[in-house]
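Undergrad: Numbering (UniProt numbering), first residue to last: 1 to 329.
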C-alpha cells in the first residue's frame, strides 16, 4: 500500500509518500480500506518533535501519522465477525498512529458503522473533532440567553460550536482569522463575525454587542486571543477552555483575581475530564455521528490528496485551512 511516513522529526516536508507493506488484521481486528483520514493540529506538533507531553505518546520513528480513519472493511482477523466485511466504517485509532495510509487496522470493538447518508469525510471529521465538540458542549450548556464568543470559529471544532450555539438560540460572535474565514463564519449564521487578526478586534466585538455582555467564551486558541476573550466576558460569565492552538503563547493565563473580579468561572472541557466521563469516549463518538447523520451538525471539511499530506500540514500550521482537514486517496 501507499502511506505517508515520517523518518525524522522536523518540518512538514519530512512527510514522505512511500510504498510500505500492507497491514494484516490480528485476532479481533478489522482492516479498513481508507477513504478519508483526519488531520489534527496535534499531528503537526508530533511531527515537528515539539510535543510537550500529554496523553499521546511520542511515536517511534519511522511512523505513519494520523489517528482518524473512515473507509470500507476489506479484511477481518481471526475470530472477528465476517459480517463486518464490506461495511462502511469510521474509527479513532487511539494512541497508535497509522491513519495516513491506504489501509489501517483497528479492533472491531472500537469501530462504528457509518450511518446511512453520511459521507466518509464528514464521518472522519466527527469521530475525533466531533467527539471533542460533544464534550465541550456538555460543559458549555448553551441557552437562548447566552452571548457566545467562539474562537477559531471557522475551524474544525469552532464551526460545530457555532452551529450548536445557534441551535440553542444563543447570540454568536465568531472570531476568525482573515476575511475569507470571517465570511465563512458569517455564512454559518453567526450574528457577528470578527477578524481577530485586526489589532483592535476586542473593540469590534464590543461595538457589535452594544450593551449586551458576553456570557460564555469558547477558547481553543489560548495566548493573547484567549486572554482577550476572558476580558470581554460580563459579570458571571463563563470561560470554557479546550486547548491552545497558539502553541507559542500556550494556554490562556487566568488568575483567581480574574475570577473574583467579575464572578467568572473557568472550566477545562478536554483532557482528563473528557477521558474519564461516564460513557467514555465511545459515547461521545456515537453522539457526534448521530448529530451529523441527522443534520443537527454539518462539519466543514477541507480535503487534500493523501500524497499531499505535507501540504496539508503546512496549511494547517499557517492557519490557511477552513474546517476539518482530511486526506483522501
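Note that the Cβ used here is the ideal one computed from N, Cα and C, for glycine as well.
Would residue 332 and residue 152 qualify as a contact pair, given that the criterion is a beta-carbon distance under 8 angstroms?
TA: With the chain covering 1 to 329 only, the question about residue 332 has no answer from this structure.
Undergrad: If you follow the alpha helix (DSSP H) that residue 4 is part of, which residue opens it and which one closes it?
TA: Per DSSP, residue 4 belongs to no alpha helix (DSSP H); it is in the beta strand (DSSP E), 2-6.
Undergrad: Bridge partners for residue 192 per DSSP, in chain order?
TA: 173
Undergrad: How big is the Cα-Cα spacing for residue 99 and residue 36?
TA: Within the model, the alpha-carbon separation for residue 99 versus residue 36 is close to 9 angstroms.
Undergrad: Are three or more beta carbon pairs between the stretch 45-62 and the stretch 74-81 nearer than 8 angstroms?
TA: no
Undergrad: Taking 8 angstroms as the cut-off, decide whether the C-beta atoms of residue 160 and residue 218 are in contact.
TA: no
Undergrad: CB-CB under 7 angstroms to residue 316, same chain, minus the five flanking residues each way: which ones, in chain order?
TA: 39, 41, 44, 325
Undergrad: Kindly indicate which residue of 5, 13, 244 has the alpha-carbon position closest to the one of residue 19.
TA: 5
Undergrad: Identify which residue in 240, 249, 287, 290 has its Cα closest to the Cα of residue 136.
TA: 240
Undergrad: Quick one: residues in its chain with C-beta nearer than 8 angstroms to the C-beta of residue 8, no 5 flanking neighbours on either side, listed in chain order?
TA: 14, 61
Undergrad: Residue range of the beta strand (DSSP E) that residue 266 falls in?
TA: 265-268
Undergrad: Just to confirm my understanding: we take residue 181, look at its own chain, exclude 5 residues before and 5 after, and list those with CB closer than 7 angstroms. What are they?
TA: 154, 322
Undergrad: For residue 125 and chain B, any beta-carbon pair shorter than 8 angstroms?
TA: Here there is only one protein chain, and chain B is not present.
Undergrad: Give me the residue from 248, 21, 156 with the minimum Cα distance to residue 300.
TA: 156
Undergrad: Short of 8 angstroms in beta carbon distance, which residues of its chain neighbour residue 92, apart from the five on each side in sequence? Order them along the chain.
TA: Excluding residues within five positions, the ones whose Cβ falls inside 8 angstroms are 67, 68, 110, 127, 128, 131, 281, 285.
Undergrad: Between the Cα of residue 298 and the Cα atoms of 236, 124, 24, which residue gives the shortest distance?
TA: 124
Undergrad: Check this for me: beta carbons of residue 205 and residue 232, under 8 angstroms apart or not?
TA: Cβ distance < 8 angstroms, so residue 205 and residue 232 count as in contact.
Undergrad: Comparing C-alpha positions only, which one of 84, 65, 10, 174 sits nearest to residue 331?
TA: Nothing in the structure corresponds to residue 331, since the chain is present only between 1 and 329.
Undergrad: Find out if the Cβ-Cβ distance for the pair residue 305, residue 328 is shorter than 8 angstroms.
TA: yes
Undergrad: Can the beta-carbon of residue 209 be found less than 8 angstroms from the beta-carbon of residue 194?
TA: For residue 209 and residue 194, no; Cβs fall outside 8 angstroms.
Undergrad: Buried or exposed: residue 134, going by 16 or more other Cβ atoms within 10 Å of its Cβ?
TA: buried
Undergrad: Taking C-beta to C-beta, are residue 235 and residue 257 nearer than 8 angstroms?
TA: no
Undergrad: Distance check for residue 115 and residue 335, CA to CA, integer angstroms please.
TA: Only positions 1 to 329 of the chain appear in the structure, and residue 335 is not among them; the question remains open.
Undergrad: Considering only residues of the same chain and omitting the five flanking positions on each side of residue 147, which have a CB-CB separation below 6 angstroms?
TA: 171, 212, 214, 215
Undergrad: Give the DSSP-derived three-state secondary structure of residue 10 in the structure shown.
TA: coil
Undergrad: When you compare only the Cα positions, how much space is there between residue 65 and residue 59?
TA: 9 angstroms
Undergrad: Could you round the C-beta distance between residue 34 and residue 144 to whole angstroms and report it? I think they count as a contact, below 8 angstroms.
TA: No, residue 34 and residue 144 are not in contact; Cβ-Cβ is about 41 angstroms, not under 8 angstroms.
Undergrad: Helix or strand or just coil, what does DSSP make of residue 42?
TA: helix
Undergrad: With the cut-off set at 8 angstroms, would you say residue 1 and residue 101 are in Cβ contact?
TA: yes
Undergrad: Considering just the uninterrupted stretch of the alpha helix (DSSP H) at residue 288, what are its terminal residues?
TA: Residue range 280-293 is occupied by the alpha helix (DSSP H) that includes residue 288.
Undergrad: Of the residues 139, 11, 185, which one's Cα is nearest the Cα of residue 242?
TA: 139
Undergrad: Could you give the C-beta distance for residue 3 and residue 313, rounded to a whole number, given that I count them as a contact under 8 angstroms?
TA: With a Cβ gap of about 15 angstroms, residue 3 and residue 313 do not count as contacting.
Undergrad: Return the Cβ separation of residue 248 and residue 259 in integer angstroms, given the expectation that the two are a contact with Cβ distance under 8 angstroms.
TA: Their Cβ separation, rounded to whole angstroms, is 25 angstroms, which puts residue 248 and residue 259 out of contact at 8 angstroms.
Undergrad: So is residue 255 buried or exposed if we call it buried at 16+ other beta carbons inside 10 Å?
TA: exposed
Undergrad: Figure out for me which residue from 244, 318, 307 has the closest Cα to the Cα of residue 16.
TA: 307
Undergrad: Rounded to whole angstroms, what's the CA-CA distance from residue 202 to residue 223? Just pull it up for me.
TA: 15 angstroms
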